[in-house]
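This report concerns only the one structure given below.
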Amino acid sequence: MRDFSGDHRWLSINTATVRKSRGHDARLTDIIEDCARRGIRAISPWRDQVAAAGLRTIANLAKTHEMELSGYCRGGMFPATDPLGLRAAHQDNCRAVDEACELNASCLVLVVGGLPGALAGKPAHKDIAAARTQVRDGIAELLEYARAAGMPLAIEPLHPMYAADRACINTLEQALDVCDQLDPARSGALGVAVDIYHVWWDPKLQAQIERAGSKRLLAFHVCDWLTPTTDMLNDRGMMGDGVIDIPRIRGWIEGCGYAGYSEVEIFSTANWWQRDRGEVLDTCIQRHRGAV
Ligand code: ZN
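When you line the sequence shown up against this note's numbering, it's residues 69 to 360, in that order.
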């Protein structure tokens with residue numbers, strides 16, 4: 069396993085981590101400048117942040133700072149109630165692929181969606197199996213487009229507490245089943261984003277990481293699981309503050325040949341988003357060296 073204690077060469081900042089500074093929305097351009105100033109070599113931005121700053125602006129700024137993108141967040145949300153909705157999702161996902169290409173991202177992360185309407189509080193039905201079928205079909209269709217564009221797709225399994233509204237792919241095993249079905253040749257065009265917040269509890273985690281292998285391991289996201297967790301979405305912990313044995317999981321990942329970035333992704337309304345961005349970034353660097 070790589071030694072992270074001496075520097076932060078392999079630290080990436082998912083820009084949701086510093087989406088807010090002292091409770092106020094932050095500009096992506098400022099985030100990139102602050103990361104560059106600290107020698108942070110990679111980020112993973114969100115589509116809404118890029119849209120607000122301008123795609124061209126961000127692509128140029130990343131290039132200026134030789135900043136890599138460990139991923140682009142995010143595509144997905146495939147399920148819908150009718151063909152029109154499915155088509156709209158596909159078209160939006162194609163745009164996400166195009167943006168990821170423009171930004172030279174290493175992969176497009178997919179949060180696949182759950183029951184249509186559930187995110188808005190109005191689930192259209194209770195058939196999660198049907199949603200999963202739409203997800204598989206949606207990924208299959210997008211894969212053709214993404215493959216032609218040369219942009220790998222990374223399916224991110226989400227913790228089961230999000231199965232209804234955000235992602236009905238909830239384990240690494242499920243995600244890899246889809247990969248095996250749609251890309252049996254393990255071409256590198258389809259893989260997974262392993263976010264420890266979502267999968268740390270899974271008794272099959274180590275075996276499924278080994279099953280994935282380096283061809284399918286496209287991204288590695290870190291934060292920590294707090295006890296108690298006070299908000300299902302926005303109470304993620306800083307590495308070292310919770311109960312996840314992060315080095316152990318990183319050891320499994322790197323044991324399979326993963327040699328990419330360790331991406332910090334923290335949503336934290338009440339704590340980290342209330343702090344100054346500089347303090348958050350400095351803490352990420354420190355914990356990357358000592359707790360990851
Ligand atoms: Zn993630």
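Heads up, the beta-carbon is just placed ideally off N, CA and C, and yes, glycines get one too.
- For residue 109, there is no enclosing beta strand (DSSP E), as DSSP marks it with neither H nor E.
- Taking C-beta atoms as the reference points, residue 346 and residue 102 count as a pair closer than 8 angstroms.
- Runs of the alpha helix (DSSP H) lying entirely within the region 248 to 325 and spanning at least 4 residues, in chain order: 264 to 267, 273 to 284, 314 to 323.
- For residue 126, the secondary structure class from DSSP, reduced to helix, strand or coil, is helix.
- Applying a distance threshold of 5 angstroms between residue Cβ atoms and the heavy atoms of ligand 1 selects 263, 289, 333, given in chain order.
- DSSP places residue 176 in the uninterrupted beta strand (DSSP E) bounded by 176 to 179.
- Counting only the Cα atoms, residue 262 lies some 20 angstroms from residue 252.
- The shortest C-alpha to C-alpha distance from residue 212 to any of 244, 229, 320, 256 is the one to 256.
- With fewer than 16 other CB atoms across the displayed protein chains lying within 10 angstroms of its CB, residue 325 is exposed.
- Under the criterion of beta carbons closer than 8 angstroms, residue 308 and residue 358 qualify as touching, at roughly 7 angstroms.
- Of the other Cβ atoms in all chains shown, fewer than 16 fall within 10 Å of the Cβ of residue 159; this residue is therefore exposed.
- When DSSP states are grouped into helix, strand and coil, residue 209 belongs to the helix group.
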